[in-house]
Every structure is written in C-alpha cells, then in structure tokens.
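**Student:** Here the protein sequences come in this chain order: A, B, C and D.
For the first sequence, the working numbering assigns the number 1 to the initial residue and increments by one for each residue that follows.
For the second sequence, the working numbering assigns the number 1001 to the initial residue and increments by one for each residue that follows.
For the third sequence, the working numbering assigns the number 2001 to the initial residue and increments by one for each residue that follows.
For the fourth sequence, the working numbering assigns the number 3001 to the initial residue and increments by one for each residue that follows.
Where is the CB? At the ideal position from N, CA and C, for every residue including glycine.
Note that the structure is predicted; figures quoted are calculated from it, not measured.
Protein chains: 4
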Amino acid sequence: MVKLWQKKSKTDPDPDVETFTAGDDPDLDLRLAAYDCAASAGHARMLGKIGVLQPDEVRRLVDELDAIRRSAEEGRFEIPREMEDCHTAIENRLTEKLGELGKKIHTGRSRNDQVLAALRLFCIAEAGRIRSAAEALTAGLKGLSGRSGGVAIPGYTHTRKAMPSSIGLWAGGYALALEEDARLLEFIRGRMDQSPLGTGAGYGVPLDVDRAYAAKEAGFSAVQENPIAVQLSRGKFESTLVHCLALFMLDANRLATDLIFFSMPDTGFVRLPAAFCTGSSIMPQKKNPDVLELVRAKYHAVLACQIQLQTTTAGLISGYHRDLQLTKKPLMEALDAAADSLAILAKLVSGLEVDEAACAKALTEEVFATERVYALVKQGVPFREAYRRVGKQYE
Amino acid sequence: MVKLWQKKSKTDPDPDVETFTAGDDPDLDLRLAAYDCAASAGHARMLGKIGVLQPDEVRRLVDELDAIRRSAEEGRFEIPREMEDCHTAIENRLTEKLGELGKKIHTGRSRNDQVLAALRLFCIAEAGRIRSAAEALTAGLKGLSGRSGGVAIPGYTHTRKAMPSSIGLWAGGYALALEEDARLLEFIRGRMDQSPLGTGAGYGVPLDVDRAYAAKEAGFSAVQENPIAVQLSRGKFESTLVHCLALFMLDANRLATDLIFFSMPDTGFVRLPAAFCTGSSIMPQKKNPDVLELVRAKYHAVLACQIQLQTTTAGLISGYHRDLQLTKKPLMEALDAAADSLAILAKLVSGLEVDEAACAKALTEEVFATERVYALVKQGVPFREAYRRVGKQYE
Amino acid sequence: MVKLWQKKSKTDPDPDVETFTAGDDPDLDLRLAAYDCAASAGHARMLGKIGVLQPDEVRRLVDELDAIRRSAEEGRFEIPREMEDCHTAIENRLTEKLGELGKKIHTGRSRNDQVLAALRLFCIAEAGRIRSAAEALTAGLKGLSGRSGGVAIPGYTHTRKAMPSSIGLWAGGYALALEEDARLLEFIRGRMDQSPLGTGAGYGVPLDVDRAYAAKEAGFSAVQENPIAVQLSRGKFESTLVHCLALFMLDANRLATDLIFFSMPDTGFVRLPAAFCTGSSIMPQKKNPDVLELVRAKYHAVLACQIQLQTTTAGLISGYHRDLQLTKKPLMEALDAAADSLAILAKLVSGLEVDEAACAKALTEEVFATERVYALVKQGVPFREAYRRVGKQYE
Amino acid sequence: MVKLWQKKSKTDPDPDVETFTAGDDPDLDLRLAAYDCAASAGHARMLGKIGVLQPDEVRRLVDELDAIRRSAEEGRFEIPREMEDCHTAIENRLTEKLGELGKKIHTGRSRNDQVLAALRLFCIAEAGRIRSAAEALTAGLKGLSGRSGGVAIPGYTHTRKAMPSSIGLWAGGYALALEEDARLLEFIRGRMDQSPLGTGAGYGVPLDVDRAYAAKEAGFSAVQENPIAVQLSRGKFESTLVHCLALFMLDANRLATDLIFFSMPDTGFVRLPAAFCTGSSIMPQKKNPDVLELVRAKYHAVLACQIQLQTTTAGLISGYHRDLQLTKKPLMEALDAAADSLAILAKLVSGLEVDEAACAKALTEEVFATERVYALVKQGVPFREAYRRVGKQYE
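(1) Along chain B, in chain order, which residues have C-beta atoms closer than 8 Å to that of C:L2326?
(2) Show which residues of chain D have a CB atom less than 7 Å away from the CB atom of C:I2130.
(3) Hey, how far is the Cα of C:V2151 from the Cα of C:I2167?
(4) Would DSSP call D:I3260 helix, strand or coil?
(5) Assuming D:V3017 contacts A:I344 (C-beta within less than 8 Å), just tell me the rounded distance between them.
(6) Counting contacts by CB-CB distance shorter than 9 Å, is C:H2043 in contact with chain D?
(7) Indicate the three-state DSSP secondary structure (helix, strand or coil) for A:T364 in the structure shown.
(8) Just verifying my parser: in three-state terms, what is the DSSP assignment at C:A2222?
(9) For D:S3195, which three-state DSSP category applies?
(10) Residues of chain B with a CB under 7 Å from the CB of C:H2321: which are they?
(11) Do you know offhand how far B:E1293's Cα is from D:L3247's?
(12) Helix, strand or coil for D:E3353? Go by DSSP, reduced to three states.
(13) What residues from chain A crowd round B:D1258, counting only those whose CB sits closer than 7 Å?
(14) Give me the Cα-Cα distance between A:P196 and B:Q1306, rounded to the nearest whole angstrom.
(15) Hey, is A:E366's beta-carbon within less than 9 Å of any beta-carbon in chain G?
(16) Cβ atoms of B:A1041 and B:E1217: under 9 Å apart, would you say?
(17) Between D:L3432 and the rest of its own chain, which residues show a CB-CB distance below 8 Å, the 5 nearest in sequence each way excluded?
(18) What is the DSSP secondary structure of A:G155, reduced to helix, strand or coil?
(19) Indicate whether C:T2257 and D:L3326 have their beta-carbon atoms separated by less than 9 Å.
(20) For C:N2092, which residues in chain B fall below 8 Å Cβ to Cβ?
(21) Is D:G3023 close to chain B, meaning its C-beta is less than 9 Å from at least one C-beta of that chain?
(22) According to DSSP, is A:R59 part of a helix, a strand, or is it coil?
(23) Within a Cβ cutoff of 7 Å, which residues of the same chain sit near C:F2020, ignoring the five residues on either side of it in sequence?
(24) State the Cα-Cα distance for the pair A:A127 and A:E186, rounded to the nearest angstrom.
(25) Taking D:K3361 as the query, report the chain C residues whose CB atoms sit under 8 Å from its CB, ordered along the chain.
(26) What residues are listed by DSSP as bridge partners for A:K161?
(27) Give a yes or no on whether the minimum CB-CB distance between D:S3239 and chain C is below 9 Å.
(28) Take every Cβ of the stretch 366-376 of chain A, pair it with every Cβ of the stretch 281-293 of chain A, and state whether three or more of those distances are shorter than 8 Å.
(29) In three-state terms, what does DSSP make of C:R2388?
(30) State the CB to CB distance for the pair D:L3272 and D:L3348, rounded to an integer number of angstroms; the pair is presumed to be in contact (CB under 8 Å).
(31) Buried or exposed: which applies to A:V2, given that a residue is buried once 16 or more other Cβ atoms fall within 10 Å of its Cβ?
(32) On the three-state DSSP scale, how would you describe A:V230?
(33) Name the chain A residues that come within less than 7 Å of D:P3013, Cβ to Cβ?
(34) Name the two residues that bound the continuous alpha helix (DSSP H) containing A:A117.
(35) Which runs of the alpha helix (DSSP H) at least 4 residues long sit entirely within the stretch 2014-2042 of chain C? Give them in chain order.
(36) Cβ closer than 8 Å: which chain A residues qualify as neighbours of C:M2249?
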C-alpha cells in the first residue's frame, strides 16, 4: 500500500513520523469520504469526456465510487491508520476492486484539488445542517412568542432594570438576529460553491481538462478560475464559515446568558425544563442550568477554531503547504459545536415556561420612570426638564 | 456643562473616574462627529414630521448640525475632554447656539440609538474607503500583469519549486482573491445599512416616533425593526466588518510574504521600488523590504481587533452595557490598518519591476518534471507508471 | 537629518512610505526615550572602557544623555515626525550638541540591540507600576475584609445560591489570586532583566565589546548571551508579560462581574460609591456601574494585545524583521489598560459599603441545605442517604 | 447507576441532553482516572485521620483505588458513556466492589475539588512530559552543534543576508530559548502543585477536614487556602501552562521555519532526514518538509487552545460554572500538540546533516560588509564615515 504522495523510495518510513503526519486524519476523514467520492466521480466523468477514460471505464469507476460513498454514509467505510486519509483509502479500494483502472483516476488532478473539492462539498452540506438547526431555534423562539409573547418583563441595561419589555420583544430580538446570521451563512455557502477541480497543486495540470464539466458533474455551481486564488482560499473560506458560526454562537451565548439570569430563583421569569438541569453532588437543593452554561462556553470553543483558521496560513508564501492539514479539525469541531448547541437550545426553548406572576412582580415602579418622563413631555414639558423632575425621586 | 447621561447630583465627580470612563473617546469621536450630525438631522426632521418640533425649529437645528458637520469634516471641531464624546459636545454646541431648542433634540431618542446610528453611518462610509483601496491594489496587480504577465516563474508548493507559473497567473490569483473579499465587504456594508434610530436604549421610546422617516432622512436604506436585535448587533456587526478587513489583510499578508521572497537577492524575480526599502544602521549592503514586513505584521493587528470585538460582548445579558464603548477603538484601528496597507501595497505593486533574466534562471529543469510525466501519459503510459519513471531521476 | 537606517541615496523618499513606516512610533517612543538614554549611557561607558571613546568623550555623551533623559521624563522631549523614532531623535540631538562625537555613539551596536535594551528597561519599570497598582487593589480588598469581613453572604455556583460565604472569604479569594499573579509578574520581570547590548543586529558586532560591563552600566542584572536567542525573545518576552497582565485583568474582570451582580438593586450586598456610577440619558432612575463594565471590557483589550504579540512573529525565520515594530503598541496599551484598571478598582473597592441587611435577607434557607446534610452525617447517617433526605424538600 | 450530581428525580433524562452534557468527557477522562484515584486515596486517608472512616475502611478503599489506577494506567479502565466522566465511573466501581463503603468516599468533598485535584495532578505529570521532550530537543540542538557547530552560514535579517553566523550560534540560540521556556514551565508546575482538596464546591465543607493531611497524602506540596481563589484559578492556571506551551511551540515554529528555509534546494545549508520528508502525488521531483510544516502549524493549534482557556471564564461571577468542563479539551490538546512536536523535532534535528559546501557558497561577499566597516573603524575612521564608504558599492 502506497500513499498518494509517496515515492518509491529506499527510505524506511519512521513510525513516529507516520503517526505525526497522519494526526487525526484517519478519524476526521471518515466525514469527508462520501464527498471525495462525489468529487472523484465528477472528475472521472470529465476524464471520460476528454477521452482519457473509456465510457466503460468511467462507468465502473463511478459505480465503485458510489458503493464506497454509500458505505461511508452508512458508517461502514474504514480508513486504516497506515493509509492516513480518505483519499488514499478510496484510491486503494478502487485499485483493489478495479485493478489498473483504479490507478487511472488520479490522472489530471493532484491531491490538492482533490482534497479541496471534498472539503468544499462537505462545507456546503454542513451549512445546510447549521441552517436547519438555526431555523429550529428560530421556530422555538417564535413558538415561545406565540405562547407567552404578551407577558411583560423588565428590560435591562447595564444589568439593571431599565424599561418595560416583553417575552415577545425579547424572543423576537433573538429570532431576528439568527435570521440575519442565516443570510451570511447563505452568502458564504455560495462562496464555497466553486469548483477547484483541475487546478492541481495550484498551477493547473498539463492536460486539457474540462473544468466546467468536472465542476458540474461533481455538483458545483461554478468554477473558481485562478488556481493560485484557489490555494489562497484555503483556511480563508473556512474561516469565514466559522466566523458565521461564531455569530450564531454569540447569539446562542447571549440567549443562554439571558436564560441563566431569567431563571435564577430571585428573578424567575422563566422555568427551565427539568431535563435540562442538573443537581449538585454536595448541595441537595440545586437545580443548575448546565446545558445553558455549556452552550455559553461553546461559543469560545468556536471562536478559538476561527482564530486557528485565521492564523495558520498567515506568513506563508502562496501555494500549498502541509500546514493546511490542520485546518480540518477546527472546521469540523466548530461545525459540530454550533450545530449541537443550536439544536439543544431549540429543544430547551420549546420547553420553556414563563412564570407570569414572577414577571409581574419584577415590574417595579422604576421600570416605568421613562414613561412618566414622556407623559410630562406630552403635556408640554421639555424633555430635559421632565427628566429632571422624575429623576428627583431617585437621587 | 453636563454630560448626556449625567443626573443632577450632589456627588462630586472623581477626576480619575472621569479620565477612566472618557478613555480615548475624545480623540476617537472626532471621526464620528460628522455622522452624528447627519443622524441627528434625520432625527430632528422626524421630530418635525410627528409634530414634536416646529418646522422652524427643525430648520434651525438642521442648519446648525450642518455647520458642525462641516467643521468636523474640516478638522476644526473639538471635543473638550470634560465632555467625553462627540454626542455631548454636539448637543452642548446646539444648546450654546440655539438655547432651549438645543435641548429638545434628545426627545424621542437615547444615547444608545444615537451612538449606534453615527457608528453605522461611519462604517458605511469607511467600507467605501476600503473598497477604493482594494480596487487600487487590484488595478495595480492587473497593471503588473499587463506589463509582465507573460513572464514565466516557478510556482512553489511547500516552499519548494513545483511547476511553471507566471507573473500573470500569480498577480491574477491575488486580484481574484481581493475581488472575492470585496463582495463580502459589500454584503456587510448592506447589513450595516439599517437604521437603529427610534430604538432608544434597547426598548423603544414611549413616543410615536416615525422610524422609517428618521431612517430615510438620516441616510439609511432600511429600518432594523426589533430594538433588542439592534442591541445584540453591537460589536457583532462590527466584528464581521473587521473579519472582512482581516480577509483583505490576509491576502495582503501573503502578497507581502511572496514579494519578500521573490525579491530576495537569491531569487530576484522582482525588484522593489527603492523608496519602499530601507537600509540598516550597521550593515551598509542592506536593502530591506520594511514596507512589506509592516504590511505583513498589520494583518495580526487587524486580527487582534477582530478578536477583541468578538470577545467583548460574550457572556453579557441582552441590553446595553458600557463595555461596548471599547468596541470603537479596535474598529477604527482595523479600518486604518487595512486602508493604509492596501493603499501602500497598491503603490508598491505599481512600481514593481520584473527581472526577466532572474525569472528565466530560476526555471530549473525539475520545475518541468510534471510536464514530462504528462508527456508520457499522452503517449499512453498510465499516470502512476509515468510518474514512477520520471521520479527515478530524483531518488 | 538622516535616520539611523538610512543610506545616503539618490532615491527621493516617498512621503506615504515615510508615514506608513513611522506609524505610531513618534508618539509611542516618547515613553521609551528615557530608557534609550539610560541604555545608551551604559553603552558609551563601555566604549570608554574598551578604549573606543576617550574618558572625556564618555563624560560629555553621558551628560548630554542625562539631559535628554530628564527632558523626556518631564515631557519636554519631542520626536519630530520625520525622525520617526526616539533613537534617531536622540542621536540627532547628540550630534547637534556634540558634533562629530555624537556620531561615535553608534559604534559597536545596531539599532536592534539599542531598541531592545530600551524596551526591556521600559518593561522592567512598567512591571513596577503594575505591581503597585495590584498591591493597592489587594490592600483595598483587605481593607474591605477588615471593615466587613465577617458579614455572611450567599456563595454562588452556576449563578444560583449554593452555600454560605462571607465578604471576608470573597475578598480574600481575590486578594490571594492577585498575589499569585504578582509572583508571575516578578518572574517575568526577572526574565526581562537581561541585557541585549552587544548583540548588534542578531549576529554580534565585529568589535571586542565588553557585554557584561555595558549591561551593568545600563542597569541590567545579567547578560543574555546568545544573540540569536535575543532576537527570538522579541515579541515573546513581551507576550508573557502581557499574559501576566491578562491574568491580573481576568481577576479584575471577575471581580467587576461580581460587583455588578452584588450591587444589583435586587441583590444589594454592596453599594458602589456614587462617583463610580453614571446615569442614563433617557431613564431618570438609573445608577449604572459603568466603571466596572469598562474594567470588565478592558480584559478583552489586554487579551487582544497578548494575542497580537503571540501571532506577529510566528512563521518568521530567525533574525530581525520590521514586523517587530508593531509589538510596541500592544505592549504599551496592555500595560496602560491593566495599570489603569487595577488602580481604579482599588479606589472603588476602598469606597465600597456592605449592606448588612441586604446580605442577611439573601441568606435564604436553601443556602444551608448542605449544612443540614452534614448535621445528619454527624449523627451517623451516611452522606448519600443524608443528601437524599434533605434533597426531598427541593424536588 | 446515578451520576454524582444527579438527584433522585421523577424527571426522565433526555438523551440529547445527556449526550450534550457528556460531550468528550468519557474519552478525555480516561487520562484523568489515575489521578482521580491518587487524589481520592489521599482524601480517604484524611477521612480516616479525622475519624470519619475506620482504618479498615480506608485500607479497602485505597486498595481498590490502587487497582483502578493500575487498570487506568494500563489502558484497561473504561468509562461507560452513560456515566459521563471518570469520577462517576470510579465511584460506581468502588460501590460495586465495596458496597456501602464506596458511597462514603464522597463525604467531605464535592465534585468540584475532586475534579480539580485530579486535573492538577495530571498537569504536574504532563509538565514532566513536556520538560523531557524539550530537553530532548535541546540535546539534539547541542548534538548538532557538536557535530557541525563551527560551520559558518550567513545570518539573516529581513529575510536577506546580513552578517556571518554559524550552525553553532544558530543551534545555541534555540537551545537557550528552550531553556528559558523550561524555567517558566517549572514555575507554573510549582503554581499548580497546590491542593484544592477540602474546598468543596468553592465554599468549603461543613466538616472538620484536615486539608494539609489530604494534600500531603494526595501528593501535593502545598495547600491553596482560600476556596474562592481555588475556583478563580480554574481555566486560569491552565491558561498559563498552555501559554508556556505556546512559548515552546513558538520556538518550534521558528526553528521549523528556519529549517524549511535552510533546506530549500537553493539554500541547502542542511539536509533533512529522508524519513521526515514526503513527495507529491503529481510532481515526481518533490521532497517536501511536511513534518516541519505540521510543527509550524501546530503552534497555531496550541495558541487557539490558550485563547479558549483565556476567554471561557471571563465575565462569569466567582464560583463554579459548568462552562469549566470545556477547559479540559484545549488543555489536553495543547499538551499533546506540544509534546509531540518537540519530540519529533528532537528526532529530526538529531538526523540533520549540514552541507558544508552549500554553506560556504552562500557566504557571498556582502555578508562581510559590516566587518569591512569595522576594519576601517579599527584604522581610526569614524563609524558613520566607514559605513558610508563601504556602503558606496551597494548603491
């Protein structure tokens, strides 16, 4: 078994080096295998079109790639550690099943455009997963508004009561914020929907490939023309996707922070579903908002992923470097953290109960001070004077 | 003189507290003053429309705001340190010039929506400045392509020669990357073009304000409806703008890294304009690429600004907190760093000379190894076998 | 006037380049000038010792450097923008006053070791400023303990009441944390107290300099021997200093967060001094903890500075690069943010009043649930059983 | 089976919640189990000393904990996913084996001090692993110096040749930098060597525990007195440990950057061992320095971990929050990344060969320009004049 980048060599491989360079790829790549199959099938069809492969060869390759893709989707595909990544494992499987034909698939491409094609297709699919989770949370917030939107609560500034707000206004604020994030997600999804196939290792391939055809067959909407721009996008496109996840997660972080505050026994505007709380190993009275705390903390995990993506490629000359291998993990971790957090929040919000009595009790008179100012303004008192008069009682 | 948020109070202010809370605002806000005038004029016209101000009052306020705006644009407006920020300074100036009328401008708004309106108008204008600088750099790259695009150079991967590239391919890669960034900039500019006017301190104002009219008169294209979403956007919208700047700067960082590498005496593909290099205080032979190094480093300054914007608001309950004051500085610093870097790079690239002899010399035979592989492929040798044959000479 | 690194050259300088490369140095370097004078005086005395300068020359140089140092300390020293930094400005002043003798001071050094010597002396002095501010805060916390240490308050976990705590326990926790930070500060101060003088641009100087003597005369306790290690330390030593500031600021951030929470009208354990609060421009009842919010936010400003210091030098080959110029600003900003925050917190804590009635009221019965468990344990009930029994009432 | 924090409750657990809250703990905690056993044994002995447990009970608990520890060290201990973490799994195992006695071990402690004790013992042990890896690298560098230290190479500034350097000077610079890092590691190791046992959930335990005895028996050198300081340290102590790892990794990053540059075919000062290089899937001539590139990139992974640790706890009131669970993963990932990188670099450096001919060829005349200046200086020419004269030839 030979890795794609491996030359016939008299050098014995060093097992520590093999372990170090494989890193987490044998695990992480299980998630990319299906997308590599899709991209490879597109590439094979293109090789057929330009006459490098015979129609029958294309069919056999595509059939076998489909079989691998299904096994990957069903969790049956395995990447032996010594093969390092899904790309080697897939090509070896093709060769094992199809003999010499399997070795022809790599004509007209490099591992670089191959990896990148799989990663982009993966990101496009994952963007859909994030959008669904975000939509579920938005729906949960709107459901809460439907149930209890009219209940008045104090609005806070500086962590002190400010003016009257309501469950509906509050939930609607988060729903709108999430919808704005979703539009950026759609933008970056579109950005990633450009095919790198045919750019080789960053300088094209010395073969008349049909990039537009490969792109279409692999499932891309467009071709990213310049191969150097393709390489410059690595880590960078991902960083914007993860930045977008960080925006969703910032909303989630603040929503969680609000809910931790609103469900304190002393505040009590909302009751968290019991299944989302935990007790203490020492204090028998505790009902702790652990799920919300973890959501809050996961924001920082996503942000760290974004930062790693934004620092890894700085200071490198253009063209591929192995440093890029380390962009996969923060990308996948951020996607999981965001998807899981949005989904669990959606479920929690759906089970949220508003305690109307507690809300009413919290609407102490100072919450209405500004309304009293404006009542005077409507009677003709200048604003600054009205403010001064009402303010007197709080000195 | 009284600050906008200051209550008549028997408490003597503490000068250390005043210094601490003012921070850098008296300086930073000089850049916001003109935008505050524009937003305030829109707000005043709206107050006229709903009958809170008389037409004559509106006219006098707007005229005075215009005068202040002009003085700000011409660098003549000053913010006395004890006034802390431009908003207090402007309202005090209105009151000084127009008496009681000046005090009426704050009817129907809070400092929160006022500050945010000015900041958004500022960001929209600054996005234009960034776009222009980026376009100048793109034009510089295309100009270089025009002059020397056909000159072949080695393309590198892993900081080793890989395959043939060209000045045109290389410059075109950066141009495309910058154009992709510019589309995200346009997206986020559109995102910021939503009026916060009328959302008060985050819970509306108890007055029938006409938000759509105020938005239009202040120069916004749309209204951001939910006041809590408006507050949730603070720091967050800015962080995406600065993320976009970080993308531009990542391109600039890598372009600078390439040029430092390409202009090494040993490589010598390009000659940097002499005015962009410096010598050494001890080594008489040196011609150092200081401008490029500073551009490279400024990427990290912009990234740090982005991170500060993304961490400052996490963990805060919804609603305004004074923490937000500290988002202004990283925003402005990132804008300046990006605009200056793109502009100076544009100038440098325009003066770049390609050394054709050095480029030709660098095209050593191994750069063409892949072409030799594909020559065999075209003769019918399977790719993996062709690769093995050509590879032999490099073992 | 010629900059230290400037070669006699026919190239006209480009004013945009000059502005770009000078950056903020003319302002920032005002703080370094006195330290450059101290280091330069040490260097001059060493040149005397090894016979490069005559005793009389040394005396005149040292006297003039002392005069410049005093003017810098008194805020009278100026750095003309065209001179870019304090090092050029100081050498030009020496030459202006002492003629040819002024030009001799640069013998046996490079700008690199010169700048670094000044920066290290600056950091050593600034570490003292930070230590004092931290000690003032620790003293304030201990003073609070002395006044009200015995007052019981609820201790919280998960933002819910957990078990009984006290003002003394709470204040003592922060005091201990700050003292632990101070020990790291002392460690890093010691790390920086190594002289770079004599390492030139990173490869020594071709002259028999006496590094130990220069170090001693410049005020360093030790010599950092390897010149490449000296260059590798740039940005890195600073990053650890700023990391230490970030630790202080994390304590400050959490102390501020506690005080914002403990001074909410609903909680009310402590009353903030009125001079440290602000009102609202629209809500007449507000007393906002702005100072605490700004301290909280400044943590993130310091953290951003740390990150910038940690990212700027990564990926650079060993040896000096101009990128390092941009490490000065985050270093200085972090020092100021930390010193100012610790000082203002010290003042605020000294004025803090504990509301004993509010504290007592907050000690609701569930705070004592764990004590009831252990009362059963002491009667012989196994812990898990006792926990179960007491827990029943909270189901 | 009941988790430690779980109350008897009629609420059915939600499997999504269970999955979300367990997170990566069942995997990560396999590394903590042995340390939990050590700390628990110390705690058990202390309970014996204060009479809560009988001597026979202590012995049986300690024996069983030892058995679990051994199984953990041998990789045989398992944490069923439904038990969530090692602490629950260990206590359940004790109860399974020892019946009611197993339930007594949790007397006088909380999960908080239990987890923290295990984490600190883990960190202390891991610091040893890092120190060893760093020492191996330092030894490798010194070995290289021994072999080829006298070979002259050009020293670079600004990525351009500057002055003569040597393999020995260069390797010695990194060795010194690593030794300086190691001293900080020792400092932070000492900082972590303070026992949290007996601080419960952050407010002590209502039982007369003997903290000093528990500390000694668990293997700590000291007791961290204030329980609130103990909680404030969480994430924070770890962040300084990881900051120290980031310093090691910055050296590794720059060492790798140097070696990538020095082993370019055009430079060729050193030859990388063949086992540490890889080829290309498309270009048969390539020998790529992948290991060095991955080391370079891992710096950014470690930095991201540090940042996550530094942001997660900001803005939280004092006392435990579940957010802290997410500090384990970045801590462990950073430790592994640093240990692995230092170890592989040590191995690579040991196999490095210096190409003396290539080094000699690179010492072109301009490298000696400064020496020519100083030759003139020694003849009595003032430095600035000598510089000017030598500089002429480079204009």
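**Tutor:** Inspection of the coordinates gives the following:
(1) Locating residue 2326 of chain C in the third sequence gives position 326, where the first residue counts as 1. Chain B residues near C:L2326: L1294, A1297, K1298, H1300 and A1301.
(2) Counted from its first residue, the third sequence places residue 2130 of chain C at position 130. In chain order: nothing, as chain D lies at least about 16 Å away.
(3) Reading the third sequence from its first residue, position 151 is the one you call residue 2151 of chain C. Reading the third sequence from its first residue, position 167 is the one you call residue 2167 of chain C. If you take the alpha carbons of C:V2151 and C:I2167, they lie about 6 Å apart.
(4) Working through the fourth sequence from its first residue, we reach residue 3260 of chain D at position 260. Three-state DSSP puts D:I3260 in a helix.
(5) As a position in the fourth sequence, residue 3017 of chain D is number 17, starting the count at 1. As a position in the first sequence, residue 344 of chain A is number 344, starting the count at 1. About 7 Å; that satisfies the 8 Å criterion.
(6) Indexing the third sequence from 1 puts residue 2043 of chain C at position 43. It does not: the Cβ of C:H2043 has no partner Cβ on chain D nearer than 9 Å.
(7) Numbered from its first residue, the first sequence carries residue 364 of chain A at position 364. Coil.
(8) Residue numbering aside, residue 2222 of chain C sits at position 222 when the third sequence is read from its first letter. Strand, per DSSP.
(9) The sequence position of residue 3195 of chain D within the fourth sequence is 195, counting from 1. In this structure, D:S3195 counts as strand in the three-state DSSP scheme.
(10) For the purposes of this step, residue 2321 of chain C is taken as residue 321 along the third sequence, with counting starting at 1. Residues of chain B passing the Cβ test: E1293.
(11) Counted from its first residue, the second sequence places residue 1293 of chain B at position 293. Counted from its first residue, the fourth sequence places residue 3247 of chain D at position 247. Distance between the alpha carbons of B:E1293 and D:L3247: 22 Å.
(12) Residue 3353 of chain D sits at position 353 when you count from the first residue of the fourth sequence. Residue state, collapsed to three classes: strand.
(13) Residue 1258 of chain B sits at position 258 when you count from the first residue of the second sequence. Correct list: I317 and S318.
(14) Numbered from 1 along the first sequence, position 196 holds the residue referred to as residue 196 of chain A. Numbered from 1 along the second sequence, position 306 holds the residue referred to as residue 1306 of chain B. If I take the Cα positions, the gap works out to 29 Å.
(15) Here chain G cannot be found, since the structure's protein chains are A, B, C and D.
(16) For the purposes of this step, residue 1217 of chain B is taken as residue 217 along the second sequence, with counting starting at 1. For the purposes of this step, residue 1041 of chain B is taken as residue 41 along the second sequence, with counting starting at 1. Yes.
(17) Residue 3432 of chain D lies beyond the range of chain D shown here (3001 to 3395); nothing can be said about it.
(18) Here the question's residue 155 of chain A lines up with position 155 in the first sequence. In the structure shown, A:G155 sits in a strand (DSSP, three-state: E or B).
(19) Position 257 of the third sequence holds residue 2257 of chain C. Position 326 of the fourth sequence holds residue 3326 of chain D. Not a contact, by the Cβ cut-off of 9 Å.
(20) The residue you call residue 2092 of chain C lines up with position 92 of the third sequence. The contacting residues do not exist; C:N2092 stays about 13 Å from chain B at best.
(21) The sequence position of residue 3023 of chain D within the fourth sequence is 23, counting from 1. No - not a single Cβ of chain B is within 9 Å of the one on D:G3023.
(22) Counting from 1 along the first sequence, the entry for residue 59 of chain A is found at position 59. Helix at A:R59.
(23) In the third sequence, the residue the question calls residue 2020 of chain C occupies position 20. Nothing listed; no residue qualifies.
(24) As a first step, residue 127 of chain A is located in the first sequence; it is residue number 127 there, counting from the start. As a first step, residue 186 of chain A is located in the first sequence; it is residue number 186 there, counting from the start. The straight-line gap from Cα to Cα measures roughly 8 Å.
(25) Numbered from 1 along the fourth sequence, position 361 holds the residue referred to as residue 3361 of chain D. Those do not exist, as D:K3361 stays about 19 Å from chain C at its closest Cβ, beyond 8 Å.
(26) Here residue 161 of chain A refers to the residue found at position 161 of the first sequence. Note: A:K161 sits in a beta bridge opposite A:Y156.
(27) Stepping through the fourth sequence from its first residue, residue 3239 of chain D is reached at position 239. Judged by the 9 Å Cβ criterion, D:S3239 is in contact with chain C.
(28) no
(29) As a working mapping, residue 2388 of chain C is identified with position 388 in the third sequence. Residue state, collapsed to three classes: helix.
(30) Working through the fourth sequence from its first residue, we reach residue 3272 of chain D at position 272. Working through the fourth sequence from its first residue, we reach residue 3348 of chain D at position 348. Right, the Cβ-Cβ distance comes to about 7 Å (below 8 Å), so this counts as a contact.
(31) Taking the first residue of the first sequence as 1, we reach residue 2 of chain A at position 2. Residue placement at A:V2 cannot be trusted, given a pLDDT of 46 that sits under 50; what the coordinates show is reported in the next sentence. Classification for A:V2: exposed.
(32) Working through the first sequence from its first residue, we reach residue 230 of chain A at position 230. Helix.
(33) The count along the fourth sequence starts at 1 and reaches residue 3013 of chain D at position 13. Those within 7 Å of D:P3013 in chain A are A275.
(34) The residue labelled residue 117 of chain A in the question sits at position 117 within the first sequence. Here the alpha helix (DSSP H) through A:A117 covers R111 to S148.
(35) 2015-2022 and 2025-2028
(36) Here residue 2249 of chain C refers to the residue found at position 249 of the third sequence. Those within 8 Å of C:M2249 in chain A number zero; the least Cβ separation is about 16 Å.
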